[in-house]
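Notes for the one structure printed next.
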Amino acid sequence: MAASESYPEGLKYHREHDWARIEGEEATMGVTWFAQDSLGELVHFEPPAEGSSTAKDSGYGEVESVKAVSDVIAPLSGEILEVNEKVVDAPETVNEDPYGEGWLVRIRLSDPSEVESLLDVEAYKQHLAEQ
Amino acid sequence: MGQLSLTDSDREEMLAAIGVSSVEELFRDIPAGVRFQRGLDLEPALSEPELVRHLEELAAKNVDTTKELSFLGAGIYDHYVPAVVDAVLQRGEFLTAYTPYQPELSQGVLQAIFEYQTAICELTGMDVSNASGYDGMTVAADACYVAKHATGRSKVVLAETLNPQVRQVVKTYAPGFGLEIVEVGHEGGTIDPAALREAAEDAACVIFQQPNFFGILEDAPQLAAAANDAGALPVAHVDPVSLGVLEAPGNYGCAMAIGEGQGAGNYQSYAGPHYGFLASKSEYVRRLPGRIIGETTDLNGERGYVLTLQTREQHIRREKATSNITTNQTLLALGGLVHLSWLGPQGLRDVGETCLSLGAYAKEQLGLPPAFPDKPTFKEFAVRLSRSAGDVISAARELGVHPGYAIGRDYEGMDDILLIAVTEKRSPADIDRLAHVLAEVRA
Amino acid sequence: MDLIYEKSKPGRRASTLPRYDLPAAEVPEGLRRAEPPRLPELAEPEVVRHFTELSTRNFGIDTGFYPLGSCTMKHNPRVNERVVMLPGFKDLHPHQEEDGAQGALELMWRLQEILKEVAGLDACSLQPAAGSQGELTGLMLMRAYFEDIGEGDQRDTIVTADTAHGTNPASVTMAGYKLEKVATDARGNLDLDDLRSKVNERTAGLMLTNPSTLGLFDEHIEDVAKIFHDAGSLLYYDGANLNAVCGISRPGDMGFDIVHINLHKTFAQPHGGGGPGGGPIVVRERLEPFLPVPAVVKDGDAFRLDHDRPKSIGKVRGFTGPFGVFVRSYAYIRSYGPALKEMSEVAVLNANYLLARLRAAYDLPYDRLCMHEFVLSARSLKREHGVTALDVAKRLMDYGYHPPTIYFPLVVPEALMIEPTETEPKERLDGFIDAMLAIAREAAADPALLLGAPRSQPVSRLDEVKAAKRAVLKYGFEDHPDLAGEVGEARQLEAQKGA
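Protein chains in written order, with this note's numbering: chain B, 4 to 134; chain S, 11 to 453; chain Z, 2 to 500.
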């Protein structure tokens, strides 16, 4: 069951339709409702290795539907602490709950100041409106 | 021209509908500077009877294996192709279809290739097969590409007993793929597992052939173990016809199995078109090149088949695709499936046992010294002659027998070695004749 | 319909094989197969029936009109199937000595000469197995050529059009090059300003289809060639659309240096449900030393294989290429002779006739005369009636036609890419036009007819999401899953087409 459109307050957003939930020195990251809706039902998540690092604005994994494949862009730089195995096993979790159960990775931030360059929810919604 | 249907009045009506006065006008967007100003300098058209006669005359200049008793092999073999293969492959619905982009109109070929994938997995002991590659050479390059991306390593180890043309094709692809090629020499006709283990350090994959190019059975399980020990993917290049009697690569630790499909279902046809097969363990499925067919259901719960996992492929992933392949060898692979269905497991085993027996009989009857003593073989074996193999081939052909392949064409210092292949189509009497002719020409 | 494995019963077999009175031979311990492969076990009648029934669930040119854009689905003359089965061809071993293969070598040499004339270039290799391998071979030639003249490290980029087949960018990566994409202008030509900004001393070459995948001849092709040649770069011609211009405009005369020719498109090799193909390449003289080995050459009255080409890129596949494909294409071309030009003229006439009759009912993104194919769009149908190009395609099946290529090229939304070829009579074209116009009317009056299509085939729309997620890629015997237990949904792929 696909989720209905939403963009929670309190998350930070990246223009490439990714979100980050900042929790002190760490962050949880995923893709937005818009991203999963554009792709359609996900059938595969190619995760990064735990312990590898992400670089802000660069791809750290891939998500696939039957018709498209998309790099997942890291909103923030850091070290991968955990990959969401539930999404690896059942990629459609992202469609069902993109901000909750469908998170993709948890990282330890290497440069917390990067957070300032991300969009808040209003700015991201405006970005979507311009698409 | 029997191909074209438009009458003069058709043309006039169509030009009027388009709103132009001549066919010439349809080409007005082509700049004058690149318009071809003369007629094509080609020979005059031939009517169908003339065309058949012309091609019969060309065909008659060839000495095929119905004219000459042939023991040529070295990768392509004169196995029997059953009549059902011809009958199925000439069905226009298969012959004249394109790639099955519209599954509702293509269930026939889609289901057939799903069955082919099953047959290849059964033969090789693998989990997944693609819908075919171009031939037994290019699938080796494909396997290297898979291994490079699966391991993050760029060194590829090739056994020297791997078909020389396979090695040449891998080397041609290597610069673009960013591969470093290392070859492991043979000792007495086979690869030493310890030498292979050493070469496989930091390698993405190791490719060896079973039976190898000299026809000899390698200690394949030990070679696979050596590769695995080094963290390199073991890739076995196998003869599908052998897999009724020889163990499947998937059952002795290989990550991938590849090979030339020709012996199962295709004529020799001066090397093509044939099919290459490529199968792997399930963990590599997302890196495999080419078409893969999967089972699913329709709106009514009816079972059906579709091209699947297409995000690997060039039309979606474009420059990040696992391969550029699109057109493959579907019809030839279908020939393979039909042939294997005709044989069944017992027939495949019978062909293998017959090849083994004929090989043993031939070694005994010929009485020539083996090029590689004390090595077990399958359907092909190498003998040492008293003079150059090329000379012996010429002399024997004068007597209507092609005795085999001159290995010196590929391996230095082996000019006196002859590689002799027997298939189930060669009888003991044929082998007696070969023995007689080789004696006559003092081989 | 059951799988052949589900019809299998232990103990049955179709094959009869010679039994020679010889002792059984040994296989060393550990190498002998422990468990036999589970191949089908059926007697011959059921083998024949199985594959015959499968064939009735498949659509080919022999079945009906197949206007699949960019695939050139023309009639495949049956005489070609007869001649390819001559024993002198089908039973010829590829290692036969040259004096025993003179007919095969002569046929290949003659085909090379013909392709040189058609392409307007100087040297030919028949070796590549298909168009995409021709592309890769062409890029390898570029690399070898630039290394030879000392520019190998400098030139690392290949330019392709945004309308290109997916094979072009994939080949670029496989050849180790970087990709630069150039835009299409409002008339469907390459955007020259964009092009000029992207071609420089790092450019190895261009890959282009002309006419393009929009079915349009690039009106500035001479300028395009000049831009690349002035930069010291080479031009590669993707011959997928050569059927439009045989004897009318030659790639070599357009300025291209390397051409691949799809024998399974222009020259009537039957496509066999996905292959075989043939992708010979034809090149300018300065690139000849780099062509694959062995070359097929003529010496006096004899023909031979020349392996002595020290600058060659090597081998791209086994032996000298798919010989049976050469036999069919050679026979096909000889049946036309110089009238090949008429083949292209009629292909273009048929396409323009369809375009003229269909343009009122569908969107036409580039309003020009087309070449051998054209691209319509169903975007208005989608906006106004909620039906897509996919729905139009599925509904065409109910009218007895194979659909056009859809969702390609990528620059046209809801694309319908239509290529009738020269071998269709006007009555077939008119029937197709009637169906397309009727479908456009149905889209407005009763869109459910399209959304529920096809209703005429052995299966309705198949669930591609389930196929990808479950990944059932072979028969599982006793463990085979029953997918019908899960309700299917109409989740189909839009990007249906590569090349």
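Built from N, CA and C at the ideal position, the CB exists for glycine as well.
For TYR367/Z, write down the residues that DSSP places opposite it in a beta bridge.
Residue 367/Z sits at position 366 when you count from the first residue of the third sequence. Its beta-bridge partners do not exist; DSSP assigns none.
In three-state DSSP terms, what is LEU355/Z?
For the purposes of this step, residue 355/Z is taken as residue 354 along the third sequence, with counting starting at 1. Of the three classes helix, strand and coil, the one that applies to LEU355/Z here is helix, per DSSP.
Nearest chain B C-beta to ARG327/S closer than 8 Å, yes or no?
Residue numbering aside, residue 327/S sits at position 317 when the second sequence is read from its first letter. Closer than 8 Å to some Cβ of chain B, the Cβ of ARG327/S qualifies, so yes.
Does any residue of chain S have a CB that is nearer than 8 Å to the CB of ALA71/B?
Residue numbering aside, residue 71/B sits at position 68 when the first sequence is read from its first letter. Taking Cβ atoms only, chain S reaches closer than 8 Å to ALA71/B, which makes this a yes.
Thinking C-beta only, is ALA131/Z closer than 8 Å to GLY276/Z?
Numbered from 1 along the third sequence, position 275 holds the residue referred to as residue 276/Z. Numbered from 1 along the third sequence, position 130 holds the residue referred to as residue 131/Z. In this structure, ALA131/Z lies closer than 8 Å to GLY276/Z by Cβ.
How should ASP249/S be labelled, buried or exposed, when 16 other C-beta atoms within 10 angstroms of its C-beta is the threshold for buried?
If you number the second sequence from 1, residue 249/S lands on position 239. Buried.
Work out the CA separation of ASP464/Z and LEU319/S for me, nearest whole Å.
By one-based count along the second sequence, residue 319/S stands at place 309. By one-based count along the third sequence, residue 464/Z stands at place 463. Roughly 13 Å separates the two Cα atoms.
Under the assumption that LEU429/S contacts ALA84/S (Cβ atoms under 8 Å), give the Cβ distance between them as a whole number of angstroms.
Position 419 of the second sequence, counting from 1, holds the residue named residue 429/S. Position 74 of the second sequence, counting from 1, holds the residue named residue 84/S. Between ALA84/S and LEU429/S the Cβ distance is about 6 Å, and since that is below 8 Å, they are a contact.
Using a Cβ distance threshold of 8 Å, determine whether the segment 49-69 of chain Z contacts the segment 101-108 of chain S, with at least three qualifying pairs required.
Yes, since at least three Cβ pairs between the segment 49-69 of chain Z and the segment 101-108 of chain S fall closer than 8 Å, the two stretches touch.
Would you list the residues sitting across from LEU463/Z in a DSSP beta bridge?
The residue given as residue 463/Z occupies position 462 in the third sequence. Beta-bridge pairing links LEU463/Z to ASP308/S.
Would you list, in chain order, the members of the segment 297-308 of chain S that have their beta-carbon closer than 9 Å to a beta-carbon of chain B?
Per Cβ criterion, the list is empty.
Report the neighbours of GLN219/S on chain Z: residues whose CB is nearer than 7 Å to its CB, in chain order.
The sequence position of residue 219/S within the second sequence is 209, counting from 1. Simply none; closest approach about 14 Å.
In whole angstroms, what separates the C-alpha of ARG358/Z from that of ILE434/Z?
Within the third sequence, numbered from 1, the residue matching residue 358/Z stands at position 357. Within the third sequence, numbered from 1, the residue matching residue 434/Z stands at position 433. Between ARG358/Z and ILE434/Z, the C-alpha separation is close to 7 Å.
What does the alpha-carbon distance come out to for the pair TYR371/S and GLU312/S?
Mapped onto the second sequence, residue 371/S falls at position 361. Mapped onto the second sequence, residue 312/S falls at position 302. Straight-line Cα distance between these residues: approximately 53 Å.
What whole-angstrom Cβ distance do VAL533/Z and GLY286/S have, given they're in contact under 8 Å?
This structure gives no information on residue 533/Z, because the portion of chain Z shown stretches from 2 to 500.
With a threshold of 8 Å between beta carbons, is GLU67/B in contact with chain S?
Locating residue 67/B in the first sequence gives position 64, where the first residue counts as 1. Cβ-Cβ to chain S under 8 Å: yes for GLU67/B.
Spatial neighbours of GLU8/B within its chain, please: C-beta separation below 6 Å, excluding the five flanking residues on both sides.
Start at 1 with the first residue of the first sequence, and residue 8/B comes out as number 5. TRP36, listed in sequence order.
Reducing DSSP to helix, strand and coil, say where ASP242/Z ends up.
Counted from its first residue, the third sequence places residue 242/Z at position 241. Residue identity differs from the one stated: residue 242/Z is Asn in this sequence, not Asp. Looking at ASN242/Z - three-state DSSP - the assignment turns out to be coil, as it is neither helix nor strand.
With DSSP as the reference, please indicate the residues paired to ARG58/Z in a beta bridge.
The count along the third sequence starts at 1 and reaches residue 58/Z at position 57. Answer is none; ARG58/Z lacks a bridge partner.
Could you name the residues of chain Z that ARG38/S contacts, counting a contact when the two beta carbons are closer than 9 Å?
Mapped onto the second sequence, residue 38/S falls at position 28. Chain Z residues near ARG38/S: LEU370.
What number of angstroms, rounded off, separates the C-alpha of VAL84/Z from the C-alpha of SER15/S?
Stepping through the third sequence from its first residue, residue 84/Z is reached at position 83. Stepping through the second sequence from its first residue, residue 15/S is reached at position 5. Between VAL84/Z and SER15/S, the C-alpha separation is close to 24 Å.
What first and last residue would you give for the beta strand (DSSP E) that runs through LEU180/Z?
Along the third sequence, one-based indexing puts residue 180/Z at 179. First-last of the beta strand (DSSP E) with LEU180/Z: 179-183.
Taking only beta-carbon positions, decide if GLN375/S is within less than 8 Å of chain Z.
Here residue 375/S refers to the residue found at position 365 of the second sequence. For GLN375/S, the answer is no, since every Cβ of chain Z falls outside 8 Å of its Cβ.
One question on the structure: do VAL298/Z and ARG287/Z come within less than 8 Å of each other, judged by their Cβ atoms?
As a first step, residue 298/Z is located in the third sequence; it is residue number 297 there, counting from the start. As a first step, residue 287/Z is located in the third sequence; it is residue number 286 there, counting from the start. No, the pair does not count as a contact, with Cβ atoms beyond the cut-off.
Within 10 Å of its beta-carbon, does ASN201/Z have 16 or more other beta-carbons around it, so buried, or fewer, so exposed?
Counting from one through the third sequence, the residue named residue 201/Z turns up at place 200. Classification for ASN201/Z: exposed.
Given that a residue counts as buried once 16 or more other Cβ atoms are within 10 Å of its Cβ, and exposed if not, what is ILE150/Z?
Walking along the third sequence from the start, residue 150/Z turns up at place 149. Counting Cβ neighbours within 10 Å, ILE150/Z comes out exposed, since fewer than 16 surround it.
According to DSSP, simplified to helix, strand and coil, what is MET2/Z?
Looking up residue 2/Z in the third sequence gives position 1. Correct three-state label for MET2/Z: coil.
Can a CB atom of chain S be found closer than 8 Å to the CB of ALA496/Z?
Within the third sequence, numbered from 1, the residue matching residue 496/Z stands at position 495. The pLDDT assigned to ALA496/Z is 43, lower than 50, so where the model puts this residue is not dependable; a value taken from the coordinates is nonetheless given after this. It does; some Cβ of chain S falls within 8 Å.
What would DSSP say about THR337/S, mapped onto helix, strand or coil?
Here the question's residue 337/S lines up with position 327 in the second sequence. Reduced to three states, the DSSP call for THR337/S is coil.
If we count the other Cβ atoms within 10 Å of its Cβ and call it buried at 16 or more, is ASP3/Z buried or exposed?
As a working mapping, residue 3/Z is identified with position 2 in the third sequence. Exposed, because fewer than 16 other Cβ atoms sit within 10 Å of the Cβ of ASP3/Z.
From GLY354/S to GLU132/S, what distance separates their C-alpha atoms?
By one-based count along the second sequence, residue 354/S stands at place 344. By one-based count along the second sequence, residue 132/S stands at place 122. Approximately 12 Å, taken between the alpha carbons.
Find the residues of chain B that neighbour LYS470/Z, judging by a C-beta separation of less than 7 Å, and give them in chain order.
Here residue 470/Z is taken as the residue at index 469 of the third sequence, counted from 1. Result: VAL46.
Is GLN113/Z helix, strand or coil by DSSP?
Here residue 113/Z is taken as the residue at index 112 of the third sequence, counted from 1. Correct three-state label for GLN113/Z: helix.
Under 8 Å between C-beta atoms, does ARG359/S make it to chain Z?
In the second sequence, residue 359/S corresponds to position 349, counting from 1. Yes, ARG359/S lies at the interface with chain Z (some Cβ there is under 8 Å from its Cβ).
Establish whether the CB of TYR354/Z and some CB of chain S are separated by less than 8 Å.
The sequence position of residue 354/Z within the third sequence is 353, counting from 1. So, interface residue.
Would you mind reading off the limits of the beta strand (DSSP E) that contains HIS47/B?
As a first step, residue 47/B is located in the first sequence; it is residue number 44 there, counting from the start. Unbroken beta strand (DSSP E) run through HIS47/B: 47-49.
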